[in-house]
Amino acid sequence: MSKPNTTRRHLWRNTHLFVENAVTNNIVLIQALGLCPIIAAGVSLQNGVALTACTAVVLIPLSLFIALVGNWLPKWLRPVVYVLLASLLLVATAYVLETYVSAELFAKLHMFIPLMAVNMLYMRSVGVSSIINPIGTVVDALGSTVGFGVVICSISALREMAISGTIWGIPLEYDVALPEVASPFAAFILLGFMAAVLQWSRQRISAFFHRKEAESE
Amino acid sequence: MSKMLAPHIRTEARTGRMTMDVLLAAIPLGLFSFVNYGMRPVFILLLSVLAAVVTEAFCCMVGRRRLRTVLDGSAAITGLLIGLVMSPMVDYWVPMLGSAFAIIVAKAPFGGTGRNVFNPAAAGIAILTYCFPLRMFTYPAISNVSNLPIGMTVADQGVITELSLAAQLQAGATPSITRLQLLLGDFAGPIGSTAALILLAFLGYLLVRRTVSAWVVLPYLCTCALMAWLFPMTNLNPSYDIMAQLCAGYVLFTGVFLLNDPVTAPRFWLGRLFYGILAGILVMTLQRIGRVEAGSCFAILLVNAFSPIVDRWSWHFCHWLTRKRRIRREVKAHE
Amino acid sequence: MPLFQRGVVLPFQKGKALERGIESLDVTGVRLPLAAGDMDSPISHLAADTPVACGQELCRMDDTPVVSTVSGTLEGTVAIHHPLYGSLLCADIRADGDAEDRLPVLPEDELTADVILQIARDAAIYDELDGIPLWEKLQQWRLPENDLTALHSVLVADATENDIFGSSAWAVVMEQPKLAFFGLQMAARATRFSRYHIATMLPKRRRRTLKHAIGRMNVYTVGDEYPVTLFADRDDEVYRIGIQACLALGRALKQGLRHTAAIVTVAGDALPAPRNLRVPFGTEIGALLTACQAKSGHQIILGDSMVGVTCSDPHTPLLPGITTVLAMLPRPVRVPGPCIGCGRCAAVCPAGLLPYEIVRRSENMHYERLQHLSPGDCDGCAACSYICPAGRDVAAEVLKAGQTKGTVFLNWGEDDYE
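Top line first, the protein sequences correspond to chains C, V and H. Going by this note's numbering, the first residue of the first sequence is number 1, and it counts up by one from there. Going by this note's numbering, the first residue of the second sequence is number 1, and it counts up by one from there. Going by this note's numbering, the first residue of the third sequence is number 1, and it counts up by one from there.
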């Protein structure tokens with residue numbers, strides 16, 4: 001087996017890992033993890049982007065950390081260490097958000113950011129990170145973040161448009177206000193439809209990557 | 001002998017006839033509202049049905065199902081039921097939105113007719129109740145209105161509004177409606193859910209035609225009456241109080257239409273009995289302490305979620321009983 | 001009209017055939033089964049063109065004699081495929097004689113259990129309910145002497161004929177109740193049962209006549225629901241034989257006649273009028289229908305309208321086990337709609353199953369959860385298919401589901417489902 005071929009195979013495998021987490025085996029729509037922030041806090045695009053950023057800041061470094069040192073820790077200790085570290089990182093993130101980005105946004109989110117520390121999204125990566133190699137872990141975390149971000153951003157954008165007729169705070173050219181969309185049922189319905197569409201198309205996407213991976217062998 | 005079977009002869013009963021039976025409700029209730037309010041409620045009903053049917057056709061096309069399934073009438077029933085609980089002075093787009101929501105969200109994604117878990121009409125009514133309680137529960141006073149304006153909106157045209165019976169009961173007021181008025185539906189309320197006599201007569205028609213099963217609706221009505229008797233909402237004569245509570249809001253309407261949707265109700269007799277009792281308790285509870293004056297659609301959605309499990313468990317219970325009895329008999333015969 | 005739905009009540013159309021009574025039909029030839037499968041001819045000792053008498057024993061099939069049902073000339077043997085009994089080796093007999101072979105008639109006090117069984121075997125009496133020889137059934141059920149289970153066991157002569165068209169059993173109990181009842185008494189003597197009765201669902205006036213003829217205690221009236229589930233009181237063990245078999249036993253014991261003819265209802269919408277005919281076994285179905293002036297383009301159904309089997313070949317012989325022959329004009333094809341959950345199939349199921357749920361699980365391929373619903377208890381009465389307002393073949397699907405074992409379909413490759 002020649003070297004470039006191995007590289008290409010790894011490339012495809014990692015891309016598949018990424019796509020799997022981001023799309024075909026979407027962390028929210030298929031695995032139903034991290035629903036709480038979407039349903040409760042995903043009411044405006046700013047919230048969505050902020051929560052995605054929080055996720056990225058916590059998930060990626062921590063996954064790497066666990067992948068490197070996690071296997072030395074006993075199994076029962078891993079989640080504890082993970083939550084502690086996640087809380088530390090989130091405190092820092094919250095500080096940055098409040099001081100440098102927008103105090104107003106932080107005021108809206110101050111309840112949800114601490115909750116993120118015990119999100120099942122992270123708990124899942126504790127398990128995953130201790131199995132696969134560091135690069136794979138980072139790709140996996142990246143995929144999770146992107147998957148989560150896409151879903152929360154699209155849902156919060158749609159809900160923001162319906163609630164106040166704005167997007168990212170900019171008013172749009174129509175006059176519909178449906179404040180009831182802020183309640184959880186709208187998010188559940190949207191999630192349901194997105195999951196349905198994804199279920200409908202995931203087979204094909206997944207098959208494409210399996211084929212590519214097999215071709216590069 | 002071979003067990004090959006196809007009955008070479010079938011009953012006269014057809015699914016289409018069952019839906020037509022329910023759709024017949026449009027005639028007496030539409031006439032009733034026409035006499036009371038003029039053409040506007042008729043248009044509301046028509047537009048609501050139209051919206052439901054068009055949406056169903058659209059969903060059929062998207063889902064690549066045969067367009068013929070639209071003709072079975074279940075979508076029209078959904079639209080009709082949503083139209084019947086509207087206030088006569090509601091804007092036309094409200095029931096249309098409800099119908100479209102009912103079909104798109106509560107029916108089509110589950111696989112269309114016969115597969116929906118939740119009653120689409122109840123889902124449509126629930127979303128409208130949740131989003132537009134003001135529009136839904138503002139009723140014109142029936143004594144002053146003979147003809148509502150037909151235009152798009154009636155909000156600013158000086159129509160005198162009145163609290164409905166359910167709202168009066170919930171507020172603890174003493175309603176000043178006579179028994180006869182209660183039976184005839186001669187008080188402010190939705191288009192089709194006030195006329196108690198018409199609803200009961202129609203229920204009788206459906207029961208005689210075997211379109212609905214008595215196992216659901218009779219326990220439901222009995223439970224409702226019992227709940228009303230146990231927890232009176234006025235300090236008037238108990239019999240009047242029970243009557244008023246049954247006529248208020250959507251209680252009767254739920255019993256006749258929403259609860260009897262065969263798709264979402266259990267199919268085994270014991271399951272139907274439990275379902276009716278459960279629905280009666282929930283509907284009367286929501287009627288009493290709910291945030292809105294008529295919350296029976298939420299109660300229906302809630303019991304719909306339980307319906308499959310109630311159905312199966314009650315069957316397993318009966319099956320277990322018969323099997324035990326059979327075994328006991330066999331043991332006795334053996335001795 | 002009761003508010004809570006009960007079982008299926010079929011719209012009976014028996015009156016016309018009953019008014020005409022049982023008519024006899026002359027046939028030109030019969031085709032009699034000699035053996036199952038593709039065996040060598042067991043009547044090789046009888047050459048072609050041998051004259052045979054009506055009632056003459058041709059050979060033995062599983063210990064039961066095969067008797068000629070007409071008197072005439074043996075023409076030869078032929079292998080056929082029968083829709084009910086599979087491949088059969090048959091003898092063709094041309095009816096052109098009038099010789100008759102009778103059994104000896106014994107006085108009644110000499111008829112012990114063994115003698116009755118022997119005569120039932122020699123007379124080649126078949127039970128019309130299932131086509132099994134009567135003596136085999138009786139011998140299997142036979143109790144030892146002074147057995148206490150006899151108190152709980154009832155021998156029932158089934159004259160219910162709970163079908164829309166079929167009325168042969170009704171005609172038998174109306175025309176020859178005494179002889180049939182004598183046969184039932186003798187059958188009960190053979191099995192040593194102390195209790196026996198005729199189960200009917202005749203209308204009131206005819207039932208009164210029957211009670212008058214054979215005694216009030218000996219008639220049991222069953223409910224009018226399809227299928228009949230109670231042939232006796234709830235606690236009794238029921239042993240069921242057909243009323244025509246009882247009649248044949250009575251005729252064999254009293255008159256020495258062998259069981260050579262069946263009473264068949266020929267009905268259906270392709271016929272001008274339904275009739276009850278007494279025809280020899282082995283008559284071709286096609287000849288039967290031609291005699292009744294059936295319109296062309298009909299479909300032949302052997303058995304009643306609920307569980308009857310379609311038969312494509314008009315040369316199929318009429319064999320024991322068939323009491324109704326229907327000629328139906330083709331129905332317009334109905335596309336089955338979706339199940340809307342009316343629950344009628346569960347209400348009418350005599351086995352107390354949940355047909356809709358069984359069908360749903362088997363459609364969704366939840367085979368492992370299918371067994372909790374015990375689809376194997378289905379006996380294929382097809383009441384659920386009859387009642388289904390969406391026009392689905394519920395019974396076929398339930399039977400198919402009953403053949404699954406765990407997660408595996410036993411008849412996986414079989415393409416019997418359109």
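Glycine included, every Cβ here is placed at the ideal spot set by N, Cα and C. Remember, predicted model here, so these are calculated numbers, not experimental data.
Taken in chain order, the complete alpha helix (DSSP H) segments of 4 or more residues contained in the segment 95 to 141 of chain H are 113 to 122, 134 to 141.
With its beta carbon at least 8 Å from every one in chain H, V:W93 lies outside the interface.
Using a Cβ distance threshold of 8 Å, H:P227 and H:P350 count as a contacting pair. Closer than 9 Å at the C-beta level to chain C, one finds these residues of the segment 132 to 150 of chain V: F132. Of the residues H:R369, H:T64, H:L329, the one whose Cα lies closest to the Cα of H:D127 is H:T64.
By the rule that beta-carbons nearer than 8 Å mark a contact, V:P120 does not touch chain C. Listed in chain order, the positions of the segment 6 to 28 of chain V with a beta carbon within less than 7 Å of a beta carbon of chain H are A6, P7, H8, I9, R10, T11, A13, R14, T15, M18. Within the segment 214 to 237 of chain H, the residues whose Cβ lies closer than 8 Å to some Cβ of chain V are D235, E237, listed in chain order.
Judged by DSSP secondary structure, C:M161 falls outside any beta strand (DSSP E) and instead within the alpha helix (DSSP H) spanning 134 to 164.
For V:M136, the enclosing alpha helix (DSSP H) has its first and last residue at 133 to 136. The C-alpha of V:S193 lies about 7 Å from the C-alpha of V:L84. V:P88 and V:R323 have their alpha carbons spaced roughly 55 Å apart. At a cut-off of 8 Å, the C-beta of H:P274 has no neighbouring C-beta in chain V. Listed as beta-bridge partners of H:N276 by DSSP are H:I22, H:T265. Nearest neighbour of H:S153 by Cα position, chosen from H:A188, H:G131, H:I132, H:V172, turns out to be H:A188.
Chain V has a Cβ within less than 8 Å of the Cβ of H:Y356. For C:E160, the closest Cβ of chain V is not nearer than 8 Å. Chain V has a Cβ within less than 8 Å of the Cβ of H:A346. Judged by DSSP in its simplified three-state form, V:G98 adopts helix. Runs of the alpha helix (DSSP H) lying entirely within the segment 89 to 127 of chain C, each at least 4 residues long, are 103 to 109, 112 to 116 in chain order. In the three-state reduction of the DSSP assignment, H:Q403 falls in the coil class, being assigned neither a helical nor a strand state. Your pair H:L134 and H:I241 checks out as a contact, with CB atoms roughly 7 Å apart and the cut at 8 Å. Comparing alpha-carbon positions, the option among H:Q299, H:C388, H:T73, H:G341 lying closest to H:I93 turns out to be H:T73. For H:R60, the uninterrupted beta strand (DSSP E) run begins and ends at 57 to 61, by DSSP. Counting the other Cβ atoms within 10 Å of the Cβ of H:D98 gives fewer than 16, which makes it exposed. A residue is called buried once 16 or more other Cβ atoms fall within 10 Å of its Cβ, and H:H366, having fewer, is exposed. For H:P144, no alpha helix (DSSP H) encloses it, and the DSSP letter there is neither H nor E. Per DSSP, the continuous alpha helix (DSSP H) segment holding C:H210 begins and ends at 184 to 215. With respect to H:A47, H:S71 sits apart: the two C-beta atoms are not nearer than 8 Å.
In the structure shown, H:E397 adopts helical secondary structure according to DSSP, grouped into three states. Shown here for V:C224: same chain residues with a beta carbon closer than 8 Å to its own, the five before and five after excluded, namely Q245, L246, V251, G255, G280, V283, M284 in chain order. With contacts defined as CB atoms closer than 8 Å, H:A123 and H:I243 fail to qualify as a contacting pair. Residue pairing from DSSP places H:A157 in a beta bridge opposite H:I198, H:I241. In chain V, no part has a C-beta under 9 Å from the C-beta of H:C292; the shortest such distance is about 18 Å. V:F268 has a beta carbon lying within less than 8 Å of a beta carbon in chain H. Taking a contact to require three or more Cβ pairs closer than 8 Å, the segment 23 to 36 of chain V and the segment 69 to 84 of chain V qualify as touching.
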